[in-house]
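Number of protein chains: 2
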Amino acid sequence: MGKVETRSCRSRAHPSLALAKYWGKRTGGINIPATTSVAVTLEALTTTTTVQVHPCPEGARPGDRVMLDGEVQEARRFRPFFEELRAIAGVRSLPGDSCFTVDSMNDFPTAAGLASSASGFAALATAALAALSGTANPEEVSRLARIGSGSACRSVYGGFTRWEAGSERAVQVRDETWWPDFRVVVLPVTVEAKAVTSREGMNRTRDTSPFYDAWVGDAPRLAGEVERALEERDLERLGTAARLSYLRMFATMLGAEPPLLYWLPRSVEIIRELARLRSRGIPAWETMDAGPQVKVLTDRIHAPLVVETFSELLSLPAIVSGPGPGASVESL
Amino acid sequence: MGKVETRSCRSRAHPSLALAKYWGKRTGGINIPATTSVAVTLEALTTTTTVQVHPCPEGARPGDRVMLDGEVQEARRFRPFFEELRAIAGVRSLPGDSCFTVDSMNDFPTAAGLASSASGFAALATAALAALSGTANPEEVSRLARIGSGSACRSVYGGFTRWEAGSERAVQVRDETWWPDFRVVVLPVTVEAKAVTSREGMNRTRDTSPFYDAWVGDAPRLAGEVERALEERDLERLGTAARLSYLRMFATMLGAEPPLLYWLPRSVEIIRELARLRSRGIPAWETMDAGPQVKVLTDRIHAPLVVETFSELLSLPAIVSGPGPGASVESL
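As you go down the protein sequences, you meet chains A and B in turn. Each residue of the first sequence is one higher than the one before, starting from 174 at the first, in this note's numbering. Each residue of the second sequence is one higher than the one before, starting from 174 at the first, in this note's numbering.
Given below as structure tokens:
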């Protein structure tokens with residue numbers, strides 16, 4: 174297990190959008206979810222990541238370096254991930270005492286509630302393991318990606334995924350060919366990064382919201398409802414359950430002390446306008462994550478109407494996505 | 174207890190704004206609260222109500238008639254109130270087999286989340302009992318007003334009031350002279366009546382929100398915190414606790430099925446701008462009720478700045494109010 178020459182690998186991954194939400198971590202372990210989430214991997218948003226494994230620079234161990242969209246990232250955020258990567262390398266007699274240099278690019282706004290950390294760590298885990306060993310077993314990648322960011326463990330798989338409460342990795346429920354007409358319209362209402370990270374928000378919610386236990390207790394029923402809707406490709410059933418899930422997640426945060434409110438006025442404008450669209454028979458249900466962006470669950474036929482309805486409210490163009498593939502190695 | 178000649182009485186009452194919120198009714202009884210509320214009676218908004226007691230029109234029993242802002246109201250809403258009024262009259266050997274004609278005027282928007290039902294039923298109960306008996310004992314008036322609308326039992330009293338969970342009437346905590354510098358700035362963002370009444374919203378929340386039990390369980394602590402802040406005339410402590418109370422009430426509603434969302438984009442704009450004002454040291458905390466209007470808790474010195482900050486966002490001019498007096502008989 175000596176140092177090797179520099180090796181590099183490039184990977185691609187797509188964000189995972191939860192239909193039944195992950196919000197809250199169990200104590201003990203890293204990013205072990207308190208709620209089962211069910212998600213779709215979004216084809217239209219992509220993270221591309223290149224990882225180099227190389228001898229560590231002298232006097233700078235571990236000396237890992239991560240660039241995201243051209244900016245050097247804080248090392249602290251990545252430390253648990255690289256520690257786990259080195260542990261895996263040790264078990265498998267790989268050259269994990271080398272250092273890692275990462276260059277990652279998103280083709281969409283970062284840290285603004287568009288799940289860039291999910292695709293980011295899925296791509297990073299995929300490329301790093303492949304650079305070390307030439308192969309990337311999805312189960313191992315999913316477990317490693319989770320260390321960096323919880324929902325990244327779902328982005329490793331294409332199509333529709335489930336991440337069980339208490340589990341260290343996600344599984345695929347249905348692949349990306351299961352529901353070809355399913356569409357997500359991403360409506361970016363702001364380009365600003367959010368003031369409170371998901372990590373901080375989750376912990377504050379768990380520690381101070383009187384609603385947290387009820388949220389965790391109610392989540393399995395909603396996750397089951399979302400999975401049944403997926404099996405039936407029933408958009409109304411899916412949208413209704415996904416809407417309950419995200420609103421209850423936001424309600425739980427709103428109960429925190431101090432309260433957590435990620436909504437902007439435009440988020441509420443879109444929420445209310447979608448209710449009017451549904452009352453006219455248009456199948457379009459929103460979901461949101463820990464940020465002000467709105468994502469609309471709809472179908473291929475109605476996606477253009479959703480885009481047209483909201484285009485004037487947006488800070489960036491709307492993005493329409495179908496279910497996408499899992500994380501993959503581009504070049505080794 | 175025979176019929177009497179026509180007698181009439183005019184009364185005035187002011188809305189009651191809850192600082193620790195009432196949301197949810199116990200089953201059994203009429204408008205028996207599940208949570209203790211603590212409120213302030215608002216001087217600047219007034220309901221004026223004239224009640225006539227007169228022989229019932231032939232062939233039309235009970236033949237009661239209520240006009241509100243010049244429009245005849247649906248009789249069903251008022252039936253439990255008049256039944257209770259007649260029961261009280263029976264016990265006291267008053268001429269309750271007569272009929273009632275009511276003419277009520279608000280100097281502010283009705284049914285738009287400005288507690289017009291609180292001042293309305295407080296004024297009605299005051300005038301009706303006075304017309305029957307020439308006197309109006311506040312405890313009896315509070316109990317009767319509650320039958321029409323829960324929070325009306327608080328509007329009967331001036332200053333600061335408490336309505337205990339499970340109680341049939343409110344009590345006064347401190348009168349209107351206790352905190353002369355305390356101000357509420359009412360910011361009306363819309364003149365539209367809300368789509369879901371408080372009554373319907375409360376029942377839906379109790380029956381379907383997974384957060385309801387936690388809301389009821391947490392409420393006593395917040396009510397106690399609000400009362401202690403009142404005793405100390407500590408605006409920051411009051412505002413912080415009142416903010417937790419209303420946000421947790423809204424969170425509980427958001428968890429209902431289907432979800433209840435009373436906010437408009439402008440409500441959220443005001444909420445976010447107030448957070449910025451507080452970060453600059455301006456003492457101003459919002460509260461909201463089952464509607465999109467925002468009410469800001471502040472002091473005499475800062476009320477003009479709050480008005481100025483938001484005047485362009487409003488549908489109607491802002492209203493600044495101090496603590497007001499209880500319901501009173503104007504003329505008999």
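Even glycine gets a Cβ: it sits at the ideal position worked out from N, Cα and C. This one's a predicted model, so the numbers in the text were calculated from it and none came from an experiment.
Kindly indicate if chain B contains any beta-carbon less than 9 Å away from that of residue i.
| i | result |
| --- | --- |
| A:Gly542 | Only positions 174 to 505 of chain A appear in the structure, and residue 542 of chain A is not among them; the question remains open. |
| A:Gly428 | yes |
| A:Ser506 | Given a span of 174 to 505 for chain A in the structure shown, any question on residue 506 of chain A remains unanswerable. |
| A:Ile444 | yes |
| A:Ala424 | yes |
| A:Trp436 | yes |
| A:Met174 | For A:Met174, the pLDDT reaches just 43, beneath the cut-off of 50, and the residue's location in the model is therefore unreliable, leaving the point undetermined. |
| A:Pro432 | yes |
| A:Leu487 | no |
Taking 9 Å as the CB-CB cut-off, is residue i touching chain A?
| i | result |
| --- | --- |
| B:Pro383 | yes |
| B:Ala262 | no |
| B:Leu417 | yes |
| B:Asp165 | Since the first residue shown for chain B is 174 and the last is 505, residue 165 of chain B is missing from the structure and cannot be characterised. |
| B:Leu420 | yes |
| B:Pro361 | no |
Taking just the CA atoms, how far does residue j sit from residue i?
| i | j | result |
| --- | --- | --- |
| A:Phe281 | B:Ser371 | 42 Å |
| A:Asp386 | B:Leu417 | 18 Å |
| A:Ser484 | A:Ala491 | 7 Å |
| A:Val340 | A:Ala207 | As written in the sequence, residue 340 of chain A is Ser, which differs from the Val given in the question. For A:Ser340 and A:Ala207, the distance between alpha carbons rounds to 9 Å. |
| B:Ala300 | B:Leu317 | 11 Å |
| A:Ala303 | A:Phe254 | 15 Å |
| A:Pro268 | A:Gly232 | 19 Å |
| B:Glu178 | B:Ile261 | 19 Å |
| A:Val314 | A:Val245 | 24 Å |
| B:Thr220 | B:Leu297 | 9 Å |
| B:Val480 | B:Leu489 | 12 Å |
| B:Lys176 | B:Thr334 | Because B:Lys176 carries a pLDDT of 49, less than 50, the predicted location of this residue cannot be relied on, and the following value inherits that uncertainty. Each residue's Cα considered, the two are about 37 Å apart. |
| B:Asn376 | B:Pro456 | 35 Å |
| A:Gln446 | B:Val358 | In the sequence on display, residue 446 of chain A carries Glu and not Gln. Cα to Cα, A:Glu446 sits roughly 29 Å from B:Val358. |
| B:Thr125 | A:Ala402 | Only positions 174 to 505 of chain B appear in this structure, which leaves residue 125 of chain B out of reach. |
| B:Met174 | B:Gly499 | Any reading at B:Met174 needs caution, since the residue's pLDDT is 44, under 50, leaving its predicted position unreliable; the model's value is listed next. About 30 Å. |
| A:Leu360 | A:Ala291 | 18 Å |
| B:Ala191 | B:Gln466 | 14 Å |
| A:Gly390 | A:Ala463 | 20 Å |
| A:Trp351 | A:Tyr330 | 13 Å |
| B:Arg421 | B:Ala415 | 10 Å |
| A:Trp436 | B:Leu215 | 30 Å |
| B:Cys272 | B:Asp242 | 20 Å |
| B:Pro188 | A:Pro432 | 27 Å |
| A:Arg265 | B:Met461 | 59 Å |
Look up residue i in the DSSP assignment and give the residues it is bridged to.
| i | result |
| --- | --- |
| A:Gly276 | Before going on, a small fix: residue 276 of chain A reads as Asp here, not Gly. Paired residues: A:Thr223, A:Met240. |
| A:Leu486 | None; A:Leu486 has no bridge partner. |
| A:Val167 | An answer regarding residue 167 of chain A cannot be provided, because it is not within the stretch 174 to 505 covered by chain A. |
| B:Arg180 | B:Val226 |
| A:Val122 | Since the first residue shown for chain A is 174 and the last is 505, residue 122 of chain A is missing from the structure and cannot be characterised. |
Can you list, in chain order, the stretches of the alpha helix (DSSP H) that have 4 or more residues and sit fully within the region 184 to 215 of chain A?
Within the region 184 to 215 of chain A, no alpha helix (DSSP H) run of at least 4 residues lies entirely inside it.
- Query: Of all the alpha helix (DSSP H) runs that stay within the bounds of the region 351 to 417 of chain A, which reach a length of 4 or more residues?
  - Reply: Here the runs fully enclosed are 371 to 381, 385 to 404.
Could I get the ranges of all uninterrupted beta strand (DSSP E) runs contained in the region 421 to 503 of chain B, with 3 residues as the minimum, in chain order? Listed in chain order, they are 458 to 461, 467 to 472, 492 to 494.
- Task: Quick one: which unbroken alpha helix (DSSP H) runs of 4-plus residues sit fully inside the region 303 to 331 of chain A? Chain order, please.
- Result: Taking only runs of at least 4 residues, the alpha helix (DSSP H) segments lying wholly in the region 303 to 331 of chain A are 311 to 321, 325 to 328.
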